[in-house]
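Student: Could you have a look at this structure, given as structure tokens, before my questions?
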Amino acid sequence: MGEEVGGAAGGGAAGEGGNDLDFEGWTCPAPLRNTPTVVMGHGGGGAMSAELVESLFLPAYGGAARAELGDAAVLPPVAGRLAFSTDSYVVKPMFFPGGSIGDLAVNGTVNDLAMAGAQPLYLSTAYILAEGTAISDIGRVATAVGKAAEQAGVQLVTGDTKVVDHGSGDGIYVNTAGVGVIPDGVVIGPERARPGDVVLVSGAIGLHGVAVMSCREGLEFSTPVESDSAPLHGLVADMLATGVDVHVLRDPTRGGLSASLNEIARGSGVGVDLVERDLPIPEEVRDACGLLGLDPLQVANEGKLVAMVPADGADAVLEAMRAHPFGAGACRIGTVVEDHPRMVVARTGLGGTRVIDLPIGEQLPRIC
Amino acid sequence: MKYLDEFSNPDLARRLLDQIHAVTTRPWAMMEVCGGQTHSIIRHGIDQLLPEGVEMIHGPGCPVCVTPLETIDRALAIARRPDVIFCSFGDMLRVPGSHDDLFTVKSEGGDVRVVYSPLDALQVARDNPDKQVVFFGIGFETTAPANAMTVHQARQQGIPNFSLLVSHVLVPPAIAAIMESPTCRVQAFLAAGHVCSVMGTSEYPPLAEKYGVPIVVTGFEPLDILEGIRKTVVQLEEGRHELENAYPRAVPAEGNPAAVAMLRDVFEVTDRTWRGIGMIPGSGWRLSSRYADFDAELRFEVTDIQTDESPLCRSGEVLQGLIKPHECSAFGKECTPRNPLGATMVSSEGACAAYYAYRRLDLVSAGGA
Amino acid sequence: MCLAVPGRVVEVFDESGTTMAQVDFGGVRKKVCLAYLPETGVDEYVIVHVGFAIQRLDEESAKETLATFERLGILEEEFGDGFEAAAREKGVQL
Ligand code: SF4
Chain L
12 MGEEVGGAAG GGAAGEGGND LDFEGWTCPA PLRNTPTVVM GHGGGGAMSA ELVESLFLPA
72 YGGAARAELG DAAVLPPVAG RLAFSTDSYV VKPMFFPGGS IGDLAVNGTV NDLAMAGAQP
132 LYLSTAYILA EGTAISDIGR VATAVGKAAE QAGVQLVTGD TKVVDHGSGD GIYVNTAGVG
192 VIPDGVVIGP ERARPGDVVL VSGAIGLHGV AVMSCREGLE FSTPVESDSA PLHGLVADML
252 ATGVDVHVLR DPTRGGLSAS LNEIARGSGV GVDLVERDLP IPEEVRDACG LLGLDPLQVA
312 NEGKLVAMVP ADGADAVLEA MRAHPFGAGA CRIGTVVEDH PRMVVARTGL GGTRVIDLPI
372 GEQLPRIC
Chain W
61 MKYLDEFSNP DLARRLLDQI HAVTTRPWAM MEVCGGQTHS IIRHGIDQLL PEGVEMIHGP
121 GCPVCVTPLE TIDRALAIAR RPDVIFCSFG DMLRVPGSHD DLFTVKSEGG DVRVVYSPLD
181 ALQVARDNPD KQVVFFGIGF ETTAPANAMT VHQARQQGIP NFSLLVSHVL VPPAIAAIME
241 SPTCRVQAFL AAGHVCSVMG TSEYPPLAEK YGVPIVVTGF EPLDILEGIR KTVVQLEEGR
301 HELENAYPRA VPAEGNPAAV AMLRDVFEVT DRTWRGIGMI PGSGWRLSSR YADFDAELRF
361 EVTDIQTDES PLCRSGEVLQ GLIKPHECSA FGKECTPRNP LGATMVSSEG ACAAYYAYRR
421 LDLVSAGGA
Chain Y
40 MCLAVPGRVV EVFDESGTTM AQVDFGGVRK KVCLAYLPET GVDEYVIVHV GFAIQRLDEE
100 SAKETLATFE RLGILEEEFG DGFEAAAREK GVQL
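Residue numbers (the numbering used here), protein chains in the order written: chain L, 12 to 379; chain W, 61 to 429; chain Y, 40 to 133.
Now the structure itself:
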């Protein structure tokens, strides 16, 4: 399982290969009136706002941004059904091993589109900045947004920035909305799981949640685990290219695999049977969760997907997934069943069963 | 993790299970005292693998679940104060008091923080000298040394803005209380391993003797639990009732003397109410008079907040295996996992909560079959 | 109370008069208070609960326990179920 972490972390990090995110070295290319931190004026729509866009966001976004980054993007017509999604990102801390709020904001929305089978095309980015946030932090986040968009092959076409009073917000909040186009004949949805379907997951689970928790205030621990944040539409495209009728796709973010599987079980009115032994939980994740009393199945992922596919196409899809860098650790973890509809049940290593419940709220470290 | 994974080995589990099946000749009812063991039993489905008739009666759960309503109401009152930073273990945040929980207080602007260790709370106190920092010191004997050391350091290092809201509970008096009930069905106990890691095992032989029950100190991994059950069944079958240690790698007979000495200095025995169950004499620790200055209940004058446990709740009877949870009139109505009345519904492994989850499973499977 | 996990001590140090340790839990590392087990040396295993080492993990005993479990099966294979029953009748503790 050790190699798996390495693989996933390497593959997941937007910083691999030619995409070095030089957070530490970020400097503002054109000094912003010498204010090292955000002031209310930056969100006022005047000269300071314009400077922020021209001197910070556009250079940070690089090739991923449309030059004008205007209030309304005018886009060419597309052929096919549109997928449209929006999500807000408030992760604390903003920077964590393997990523930042910036690449999450891009990959998260890209993945929401991808889970509908769409090819993501355009993204908007909107920032809510707390007064007093370091300009250099915004630069690091915006750079991460630009790099992630470039890696995902989506264009950043419109945006907005607001500043709120010190105390009303906290650091940087990012909203992204995205548009993608769904190829003809592709119908994917949480209501399409059928008894007999095979449940696949694209690789090691629990990495993102553990990475973020390791640097959360009051919990700090050191771990080699890094966030798996990654755009998954390429992987999805390869899965769809097999011609297999993929029924359901889901990225198990907040609430982890257990939330996603429960939602699918409820959405489709089916039961899901998992085999615990087959779950790809890296040792480091298991150990961190053991220490804090968390269930790896409830820990967030940002670069993984779970799929329900007809049994006769499962091997073909699995093969396609494993051939893709973001699906190298893909495996089969269970089946969709008629029994116990709307519930997820796992067969334990010892041969017993347990109910995998929908997590009630936030994951908190337990003492007992 | 080393020394954890080896003790979940399915092959060895199979061998232990075979042994348990081989030695069992009739039905037995035993209680695992500790919520962590219940967690492990449910988590691995161990109860489903035991011989027909070997019944695990789930104990009161964990100290989080048994913390009395009154203490939680006091905690909420303290956490609401604008001058207070209230620190707690994560599991305590969603345990409701009479009206709301610490999450609600946080959402209303209270400064409520989750810490991993009470020492982290002490650090918060050092970092915020102009605030009162209160730590919610709950737990069995296992957690008490951490809380004791923290308050000891606060006094030694002169950190006046730190205090502890204490609601410690003790295992041996709970065992005695369960056995005192004339209708008690429990024939043996799996004692809580990590409690004994701290306290040692000397408190248990008198209990085993007095009530004629086997008591087996048991760990938490699947093999540990199975070995605890195996040793218990062997004793029951042979008509013995002794203390045995099925968790020797973590439990020396003398426990941790340094920790026990600290506990004796910082705490003193008191009566304690268990949520939904009622008062058990001598079943808690409170700060000793030497540490009264660090007692949050006194510092914030919340002792006049008094809350009675719900009169509906029958978790005392559930615990003793006298009634099944659904025979309680509040089950699934006034009392649900999201709005629990008794300890056994607060903990997801508590008998009432587990029954709530599994009954659903049974119902749907029966319906689907 | 129960969530206590074994970890290996990798470093022992003093922090404002208290013995502390860096403890490794299979790659995850965390600072732990060692005040209740001050004699513990590097590479020894301790059981950690809420940031405190509450007890030493006796590695010998752990190995013995596992070896006992292994033998349980072998006894079974060599002597069959009858051995168990006979032993029980004679009151021999296994
Ligand atoms: S169902 Fe609720 S009220 Fe009834 S015994 Fe259980 S915890 Fe108490």
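Even for Gly, the Cβ is constructed at its ideal location relative to N, Cα and C.
Could you list which residues in chain Y have their beta carbon closer than 8 Å to that of glutamine 183 of chain W, in chain order?
Tutor: Result: empty, since nearest Cβ-Cβ is about 11 Å, beyond 8 Å.
Student: Would you check if the stretch 235-246 of chain W and the stretch 284-295 of chain W touch, i.e. whether three or more CB-CB distances between them fall below 8 Å?
Tutor: No: the two stretches stay apart, fewer than three of their Cβ pairs being nearer than 8 Å.
Student: Is there a C-beta anywhere in chain Y that falls below 9 Å from the one on alanine 42 of chain W?
Tutor: Within the shown structure, residues of chain W are numbered from 61 to 429, placing residue 42 of chain W beyond reach of any answer.
Student: In whole angstroms, give me the CA-to-CA distance for proline 352 of chain L and serine 279 of chain L.
Tutor: Rounded to the nearest angstrom, the two C-alpha atoms are 9 Å apart.
Student: Which chain Y residues are close to phenylalanine 232 of chain L, counting only those with a beta carbon under 8 Å from its beta carbon?
Tutor: Under the 8 Å cutoff, chain Y gives Val67, Arg68 and Lys69.
Student: Using three-state DSSP, classify phenylalanine 196 of chain W as helix, strand or coil.
Tutor: Three-state DSSP puts phenylalanine 196 of chain W in a strand.
Student: Got a sec: is the Cβ-Cβ distance from glutamate 161 of chain L to anything in chain Y below 9 Å?
Tutor: False, the Cβ-Cβ gap to chain Y never drops below 9 Å.
Student: Would you identify the three-state DSSP class for isoleucine 371 of chain L, choosing helix, strand or coil?
Tutor: Three-state result, isoleucine 371 of chain L: coil.
Student: Determine the burial state of phenylalanine 95 of chain L: buried for a count of at least 16 other Cβ atoms within 10 Å of its Cβ, exposed for fewer.
Tutor: Under this definition phenylalanine 95 of chain L is an exposed residue.
Student: Thinking just about the alpha-carbon of each residue, which of Y:Tyr84, Y:Ala101, Y:Tyr75 and Y:Lys102 is nearest to the one in alanine 206 of chain W?
Tutor: It is Y:Tyr75.
Student: Can you grab the Cα-Cα spacing for the pair leucine 435 of chain W / isoleucine 193 of chain L, in whole Å?
Tutor: With chain W covering 61 to 429 only, the question about residue 435 of chain W has no answer from this structure.
Student: Quick one: which unbroken beta strand (DSSP E) runs of 3-plus residues sit fully inside the stretch 135-163 of chain W? Chain order, please.
Tutor: Segments of the beta strand (DSSP E) lying fully in the stretch 135-163 of chain W: 144-148.
Student: What do you reckon, are the CB atoms on alanine 241 of chain L and glycine 191 of chain L nearer than 9 Å?
Tutor: Their beta carbons are not under 9 Å apart, which means alanine 241 of chain L does not touch glycine 191 of chain L by this criterion.
Student: In the structure shown, what three-state DSSP assignment does lysine 70 of chain Y receive?
Tutor: Of the three classes helix, strand and coil, the one that applies to lysine 70 of chain Y here is strand, per DSSP.
Student: Taking C-beta pairs closer than 7 Å, name the residues in chain Y that aspartate 298 of chain L reaches, listed in chain order.
Tutor: Residues of chain Y passing the Cβ test: Phe64, Gly65, Gly66 and Val67.
Student: Do methionine 126 of chain L and aspartate 262 of chain L have their CB atoms nearer than 9 Å?
Tutor: Cβ atoms of methionine 126 of chain L and aspartate 262 of chain L: closer than 9 Å.
Student: Closer than 8 Å: is that where the CB of threonine 404 of chain W sits relative to any heavy atom of the ligand GDP?
Tutor: Inclusion of the ligand GDP in the displayed structure is not the case, the ligand content consisting of the ligand SF4 alone.
Student: Would you please verify whether the beta carbon of glutamate 50 of chain Y is less than 9 Å from any beta carbon of chain W?
Tutor: No, glutamate 50 of chain Y does not count as interfacial toward chain W.
Student: Would you give the residue range spanned by the beta strand (DSSP E) that glutamate 92 of chain W belongs to?
Tutor: That run of the beta strand (DSSP E) goes 88-94.
Student: Given a threshold of 16 other Cβ atoms within 10 Å of its Cβ, counted over all protein chains shown, does leucine 42 of chain Y qualify as buried or as exposed?
Tutor: The residue in question, leucine 42 of chain Y, is buried, as its Cβ has 16 or more Cβ neighbours within 10 Å.
Student: Looking at arginine 374 of chain W and the ligand SF4, is the gap between the Cβ and the nearest heavy atom below 8 Å?
Tutor: Arginine 374 of chain W Cβ: within cutoff of the ligand SF4.
Student: If distances are taken between C-alpha atoms only, which option among W:Val320, W:Val277, W:Asp368 and W:Gly410 comes closest to threonine 261 of chain W?
Tutor: Cα-wise, what sits closest to threonine 261 of chain W is W:Val277.
Student: What does DSSP give as the partner residues of glycine 282 of chain L in its beta bridges?
Tutor: According to DSSP, which records beta bridges pairwise, glycine 282 of chain L is partnered with L:Val348.
Student: Rounding to the nearest angstrom, what Cα-Cα distance links valine 246 of chain W and histidine 177 of chain L in this structure?
Tutor: The straight-line gap from Cα to Cα measures roughly 59 Å.
Student: Quick check on this structure: which residue in L:Thr359, L:Glu142 and L:Pro88 has the alpha carbon closest to the alpha carbon of glycine 105 of chain W?
Tutor: Checking every option, the nearest Cα to that of glycine 105 of chain W belongs to L:Thr359.
Student: Please confirm whether glycine 170 of chain W has its beta-carbon closer than 9 Å to some beta-carbon of chain L.
Tutor: Glycine 170 of chain W does not count as touching chain L.
Student: Comparing C-alpha positions only, which one of W:Lys62, W:Cys244, W:Val329 and W:Pro400 sits nearest to proline 341 of chain W?
Tutor: Checked all of W:Lys62, W:Cys244, W:Val329 and W:Pro400; the closest Cα to proline 341 of chain W is W:Val329.
Student: Between serine 407 of chain W and chain Y, is the shortest Cβ-Cβ distance under 9 Å, so that the two count as touching?
Tutor: No, serine 407 of chain W lies away from the interface with chain Y (no Cβ there is under 9 Å from its Cβ).
Student: What first and last residue would you give for the beta strand (DSSP E) that runs through isoleucine 193 of chain L?
Tutor: First-last of the beta strand (DSSP E) with isoleucine 193 of chain L: 183-193.
Student: Go through its chain and collect everything with a Cβ distance to glycine 344 of chain W's Cβ below 6 Å, but skip five positions before and after it.
Tutor: Here the set comprises His228, Val229, Thr330 and Arg332.
Student: List the residues of chain L that arginine 173 of chain W touches, going by C-beta distances under 7 Å, in chain order.
Tutor: Per Cβ cutoff of 7 Å: Gly229.
Student: Here's the rule I'm using: 16 or more other beta-carbon atoms within 10 Å means buried, otherwise exposed. How should glutamate 295 of chain L be labelled?
Tutor: By the neighbour-count rule (16 or more Cβ atoms within 10 Å), glutamate 295 of chain L is buried.
Student: What residues are listed by DSSP as bridge partners for methionine 319 of chain L?
Tutor: Methionine 319 of chain L pairs with L:Val210 and L:Val259.
Student: Closer than 6 Å by C-beta to phenylalanine 34 of chain L: which residues in its own chain qualify, once you throw out the five before and the five after it? Chain order, please.
Tutor: Any reading at phenylalanine 34 of chain L must be qualified, since the residue scores a pLDDT of 47, below 50, and its modelled position is unreliable; the value itself is stated next. If we look at phenylalanine 34 of chain L and ignore the five residues flanking it on each side, its Cβ neighbours are Arg151.
Student: Would you say leucine 109 of chain W lies against chain L (beta-carbon separation less than 9 Å)?
Tutor: Answer yes: the Cβ-Cβ gap between leucine 109 of chain W and chain L drops below 9 Å somewhere.
Student: Do you know whose CA, among L:Leu93, L:Ala357, L:Val212 and L:Asp171, lies nearest arginine 288 of chain L's CA?
Tutor: Of the candidates L:Leu93, L:Ala357, L:Val212 and L:Asp171, the one whose C-alpha sits nearest the C-alpha of arginine 288 of chain L is L:Ala357.
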